[in-house]
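In the order they appear, the protein sequences are chains A and B.
FYI, the numbering for the first sequence is 213 to 684, going by our numbering.
FYI, the numbering for the second sequence is 213 to 684, going by our numbering.
2 protein chains.
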Amino acid sequence: MPAYTPLTDEHLAFLRSCLSPDRVSTSAADRDLHARDQSFHAVRPPDVIVWPETTEEVSNVLRYANRQRIPVTPWGAGSSLEGNPIAVNGGIMLDFARMNRIVSVRAEDFQVDVQPGITRIELNKALARYGLFFTPEPGADATIGGMIANNAAGVKTIKYGATKDNVLRLEVVQASGAIIRVGTRARKDSSGYDLLHLFVGSEGTLGVITEATLKLAPIPADFSAVLAAFESVEQAIQSVVDIVGAGLEPSALEFVDKETVEALNRDKSMSFVVAPTVIMEFIGASDTEGLQMALEICKENGATNFAAAVGREERNKLWEVRHHTYESLVRLHPGFAQKIMDVAVPISRYPEIVLFADEVLAQHNLLGYKFGHAGDGNLHINIIHDPTDPEQLDRVERANGIIVERAIALEGTATGEHGVGIGKRRFIIQQHGPALDVMRQIKGLLDPNCILNPGKIFLDADDMTDVSSDRA
Amino acid sequence: MPAYTPLTDEHLAFLRSCLSPDRVSTSAADRDLHARDQSFHAVRPPDVIVWPETTEEVSNVLRYANRQRIPVTPWGAGSSLEGNPIAVNGGIMLDFARMNRIVSVRAEDFQVDVQPGITRIELNKALARYGLFFTPEPGADATIGGMIANNAAGVKTIKYGATKDNVLRLEVVQASGAIIRVGTRARKDSSGYDLLHLFVGSEGTLGVITEATLKLAPIPADFSAVLAAFESVEQAIQSVVDIVGAGLEPSALEFVDKETVEALNRDKSMSFVVAPTVIMEFIGASDTEGLQMALEICKENGATNFAAAVGREERNKLWEVRHHTYESLVRLHPGFAQKIMDVAVPISRYPEIVLFADEVLAQHNLLGYKFGHAGDGNLHINIIHDPTDPEQLDRVERANGIIVERAIALEGTATGEHGVGIGKRRFIIQQHGPALDVMRQIKGLLDPNCILNPGKIFLDADDMTDVSSDRA
Chain A
213 MPAYTPLTDE
223 HLAFLRSCLS
233 PDRVSTSAAD
243 RDLHARDQSF
253 HAVRPPDVIV
263 WPETTEEVSN
273 VLRYANRQRI
283 PVTPWGAGSS
293 LEGNPIAVNG
303 GIMLDFARMN
313 RIVSVRAEDF
323 QVDVQPGITR
333 IELNKALARY
343 GLFFTPEPGA
353 DATIGGMIAN
363 NAAGVKTIKY
373 GATKDNVLRL
383 EVVQASGAII
393 RVGTRARKDS
403 SGYDLLHLFV
413 GSEGTLGVIT
423 EATLKLAPIP
433 ADFSAVLAAF
443 ESVEQAIQSV
453 VDIVGAGLEP
463 SALEFVDKET
473 VEALNRDKSM
483 SFVVAPTVIM
493 EFIGASDTEG
503 LQMALEICKE
513 NGATNFAAAV
523 GREERNKLWE
533 VRHHTYESLV
543 RLHPGFAQKI
553 MDVAVPISRY
563 PEIVLFADEV
573 LAQHNLLGYK
583 FGHAGDGNLH
593 INIIHDPTDP
603 EQLDRVERAN
613 GIIVERAIAL
623 EGTATGEHGV
633 GIGKRRFIIQ
643 QHGPALDVMR
653 QIKGLLDPNC
663 ILNPGKIFLD
673 ADDMTDVSSD
683 RA
Chain B
213 MPAYTPLTDE
223 HLAFLRSCLS
233 PDRVSTSAAD
243 RDLHARDQSF
253 HAVRPPDVIV
263 WPETTEEVSN
273 VLRYANRQRI
283 PVTPWGAGSS
293 LEGNPIAVNG
303 GIMLDFARMN
313 RIVSVRAEDF
323 QVDVQPGITR
333 IELNKALARY
343 GLFFTPEPGA
353 DATIGGMIAN
363 NAAGVKTIKY
373 GATKDNVLRL
383 EVVQASGAII
393 RVGTRARKDS
403 SGYDLLHLFV
413 GSEGTLGVIT
423 EATLKLAPIP
433 ADFSAVLAAF
443 ESVEQAIQSV
453 VDIVGAGLEP
463 SALEFVDKET
473 VEALNRDKSM
483 SFVVAPTVIM
493 EFIGASDTEG
503 LQMALEICKE
513 NGATNFAAAV
523 GREERNKLWE
533 VRHHTYESLV
543 RLHPGFAQKI
553 MDVAVPISRY
563 PEIVLFADEV
573 LAQHNLLGYK
583 FGHAGDGNLH
593 INIIHDPTDP
603 EQLDRVERAN
613 GIIVERAIAL
623 EGTATGEHGV
633 GIGKRRFIIQ
643 QHGPALDVMR
653 QIKGLLDPNC
663 ILNPGKIFLD
673 ADDMTDVSSD
683 RA
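What follows is the structure in structure tokens.
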């Protein structure tokens with residue numbers, strides 16, 4: 213690990229002169245607010261929080277921090293799930309709350325330029341008047357900067373792609389303070405190396421995003437959503453495979469296990485049939501035929517029950533229920549915490565990973581709720597546990613590790629959309645093999661002093677045995 | 213420029229022992245066949261051609277060449293348009309004709325694993341029995357390796373994305389001979405840096421692709437294609453913008469200028485209305501409504517005439533005509549050559565670049581045929597000229613340069629799908645600015661001896677004044 217310089221009064225004086233004194237804080241309250249994300253990784257407050265307002269300020273802070281060997285960690289909404297923005301080595305936290313403007317809406321190009329601190333919901337509210345929206349839809353109201361840094365995805369990915377598919381251009385400040393622009397406003401580009409995608413998903417470890425040009429889609433005029441209940445997980449997933457194979461293009465294709473359906477029924481007073489369920493949504497006036505064909509496919513695969521949520525309001529209610537699974541589970545299990553898992557596999561392996569997870573949870577005597585973006589092979593499991601019980605935490609971590617390793621063995625990934633952060637570092641060698649060396653080399657090239665969000669993605673060789681340090 | 217080692221008998225002996233003598237050739241005939249692509253950049257035969265059959269052989273050749281400082285250039289079908297695979301420094305050419313197997317079809321995952329030497333048409337023939345196809349469709353029957361190296365695209369990009377959107381995993385041999393695998397079979401991934409997209413579009417300058425996992429789509433059951441003729445380019449493009457803005461999802465949305473329509477009529481005995489034309493295609497039984505709405509939009513924008521090509525056969529004929537524009541122009545202008553231009557701009561700037569190109573061509577007294585993937589803002593111009601007349605060639609290059617620079621100034625790109633190769637090197641500084649340094653650093657990191665396809669993408673500082681060296 214590189215030796216970092218502890219923060220001194222001189223450093224603070226520089227930051228106050230570089231920004232303005234009211235945008236630099238070392239107060240305990242501010243530090244505590246920036247000490248953890250939504251994961252249960254060890255809390256660690258940064259030494260100082262700064263709120264830049266311009267790219268130049270970000271550049272000045274980075275240039276200085278790089279010379280002084282002070283870690284710098286960007287902060288969006290703190291909604292991440294793998295400890296991605298926890299300042300594990302302290303140092304400076306760059307909070308983007310004051311860089312949250314829409315720089316320009318270019319409706320005629322289906323594009324918007326934004327600063328990284330704007331949140332997804334805020335952005336989409338402003339875009340609604342143009343009939344456009346930014347499609348990636350993770351449950352949380354993350355900032356756009358955080359979504360890009362993490363390559364966030366969500367329920368709409370099957371139709372619109374992940375964040376990486378919806379970013380055209382980035383302004384990035386390098387560790388040295390140099391400001392570069394990568395990508396183009398054109399929708400197609402074969403000019404030179406794809407640096408854009410090198411920064412997307414790099415979790416703030418290669419550069420700091422200060423502006424982004426996003427690709428937008430027209431807000432669909434109509435939606436129809438249907439829940440299909442099946443006797444088995446296999447039937448449910450076979451339907452997912454067949455729907456994609458038929459060339460249908462749902463805007464969502466979600467799996468929810470029967471335990472989760474039951475939990476949502478109880479918490480939200482819904483009356484869905486308690487069974488392995490596929491939620492499918494189709495958009496646009498022209499796709500009612502698509503929905504009909506999807507229903508036929510589900511019937512052929514043995515769907516026992518259908519519940520339709522036709523129209524915008526019913527459909528919004530359905531997704532609200534689905535997006536609030538975490539909160540519903542909090543209410544149903546008071547005093548307990550949830551480990552939120554995220555793996556993805558090739559779609560044909562989805563039943564296998566779901567059933568395997570069941571076995572592993574049972575073996576470890578753990579209760580887990582399983583659901584996810586089946587059309588993308590992406591599975592989430594919320595594992596319920598008592599966070600004050602080290603033995604339970606151990607069991608959760610062991611079960612998590614076994615399931616993640618199986619996902620990788622099935623030629624999938626340790627993380628479909630939550631990023632590596634702290635929590636998935638221990639799997640990255642198994643997943644990437646020799647390619648990990650190339651990642652390390654690129655990290656060394658672009659951040660030679662390792663000041664950018666240190667302690668993320670890569671597990672240092674001497675941490676290898678200390679897997680338990682991954683959690684609080 | 214790095215100093216390369218001239219090829220010796222000792223090197224040849226190594227190559228013969230490393231592969232087998234019959235897969236190593238220095239014959240004039242073989243060297244001539246690998247001396248140029250479809251562009252008019254200076255012909256340069258490699259010193260030796262080798263035909264590897266395995267990844268290990270590629271690795272052994274690269275490790276050796278790297279130690280010996282011998283340039284290595286991968287070769288697919290030679291169908292590129294910017295001199296991308298011309299061995300400008302001689303050395304070893306890796307011809308992938310014998311690594312052209314389908315390794316495995318995984319229909320249930322909508323994936324196929326292929327070696328790089330298989331061509332697009334060959335692959336799609338084999339996939340047809342599964343009802344699947346690899347969607348990127350450049351006109352040429354390029355190899356998959358070449359398409360990935362170049363991030364090829366084509367008429368289907370508006371619906372399915374470019375090659376970069378349809379590659380999930382690559383096996384890559386590095387300059388050192390190290391073999392790495394990047395990406396995953398899962399459709400979603402947030403695990404570590406996106407090395408996959410760093411290699412896609414890198415034109416063989418960062419590593420050599422030896423296997424690829426491609427994303428496939430179901431072959432649509434139905435197509436309907438319509439040509440709409442307009443009085444003006446602006447009306448045509450406004451229709452394109454409105455079709456996308458209405459949330460319609462055509463599988464193609466092409467612009468063809470009236471000169472090109474006239475040329476196709478003459479050469480192919482077609483009877484299309486001679487006017488700025490939009491070709492739109494919709495797929496799937498469920499999208500007849502989409503087509504109807506698109507026609508309404510065209511009418512509102514002043515379309516004066518429609519010609520429908522409904523059904524597979526008529527539609528295939530239409531695309532055959534469109535894809536053979538180059539050949540039609542060859543026949544109409546015997547003895548003349550075509551400079552095939554490729555730029556892309558934000559869609560709202562498409563009329564501007566089309567009209568600007570008209571002016572520039574007129575000023576330079578040149579005849580150019582304009583058409584392209586308007587839905588992506590991608591414009592091609594085939595400029596007719598006498599290749600034996602240096603003064604004409606100069607005019608073509610000047611007009612080309614002015615149009616490309618305008619595309620970049622409009623926040624577009626010097627190349628939407630043909631790559632940088634030799635021909636677009638002189639624009640890369642203007643387009644990328646300081647980000648170009650990062651590209652150079654990555655090149656230096658991954659290929660420190662600069663043996664991989666040297667002379668492409670980057671213009672060495674001492675070449676800057678020698679722009680005319682870009683052409684034969």
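Quick reminder that beta carbons are idealized off the backbone N, C-alpha and C, glycines included.
Remember, it's a predicted structure, so these values are computed and weren't measured experimentally.
For residue i, the three-state DSSP class (helix, strand or coil)
i, result
"B/Pro563", "helix"
"B/Glu195", "Because chain B spans 213 through 684 in this model, residue 195 of chain B falls outside it and cannot be assessed."
"B/Leu578", "coil"
"A/Ala621", "helix"
"B/Met651", "helix"
"A/Gln386", "coil"
"B/Met482", "coil"
"B/Ala519", "strand"
"B/Phe226", "helix"
"B/Ser232", "coil"
"A/Phe411", "helix"
"A/Ile304", "strand"
"B/Glu692", "Residue 692 of chain B lies beyond the residue range present for chain B, which begins at 213 and ends at 684; the question has no answer from this structure."
Residue i vs residue j beta-carbon contact at 8 Å
i, j, result
"B/Asn528", "B/Val485", "no"
"A/Ile726", "A/Ile421", "Because chain A here runs from 213 to 684, residue 726 of chain A falls outside it and cannot be looked at."
"A/Arg418", "A/Asp672", "The residue asked about is misnamed: residue 418 of chain A is Leu in this sequence, not Arg. No."
"B/Asn296", "B/Lys655", "no"
"B/Thr217", "B/Arg313", "no"
"B/Glu446", "B/Thr267", "no"
"A/Asn577", "A/Ala556", "no"
"B/Asp259", "B/Leu293", "no"
"B/Val650", "A/Leu408", "no"
"A/Pro462", "A/Phe494", "yes"
"A/Arg243", "A/Ile298", "no"
"A/Ala437", "A/Ala515", "no"
Inter-residue spacing [alpha-carbon to alpha-carbon] between residue i and residue j
i, j, result
"B/Leu507", "B/Val453", "13 Å"
"A/Gly459", "A/Gly502", "9 Å"
"A/Asp682", "A/Asp588", "No answer about A/Asp682 holds up, because its pLDDT of 42 lies below 50 and its placement is not dependable."
"A/Arg393", "B/Gly631", "19 Å"
"B/Val192", "A/Ala338", "Beyond the ends of chain B as shown, which are 213 and 684, falls residue 192 of chain B; an answer cannot be given."
"B/Trp263", "B/His223", "15 Å"
"B/Glu474", "A/Val270", "55 Å"
"B/Asp434", "A/Gly343", "30 Å"
"A/Met492", "A/Arg399", "29 Å"
"B/Ala549", "A/Gly584", "55 Å"
"B/Glu334", "B/His644", "36 Å"
Span of the beta strand (DSSP E), counted from its first residue to its last, around residue i
i, result
"A/Pro257", "Run containing A/Pro257: none; DSSP gives neither H nor E here."
"A/Lys636", "First-last for A/Lys636: undefined, no H or E at that position."
"B/Thr266", "Segment: none, B/Thr266 is in no beta strand (DSSP E) and carries neither H nor E."
"B/His597", "Asn590 to His597"
"B/Arg393", "Ile391 to Gly395"
"B/Met553", "Ala549 to Ala556"
Run of the alpha helix (DSSP H) containing residue i, from where it starts to where it stops
i, result
"B/Val533", "Arg524 to His535"
"B/Gly358", "Ile356 to Asn362"
"B/Gly457", "Val445 to Gly457"
Selected residue, minimal CA-CA separation from residue i, among the options
i, options, result
"A/Ala289", "A/His246, A/Ala319, A/Val273 and A/His253", "A/His246"
"B/Ala254", "B/Thr238, B/Glu265 and B/Gly302", "B/Gly302"
"B/Gly413", "B/Asn378, B/Ala364 and B/Glu423", "B/Ala364"
"B/Thr355", "B/Lys582, B/Gln327 and B/Ala626", "B/Gln327"
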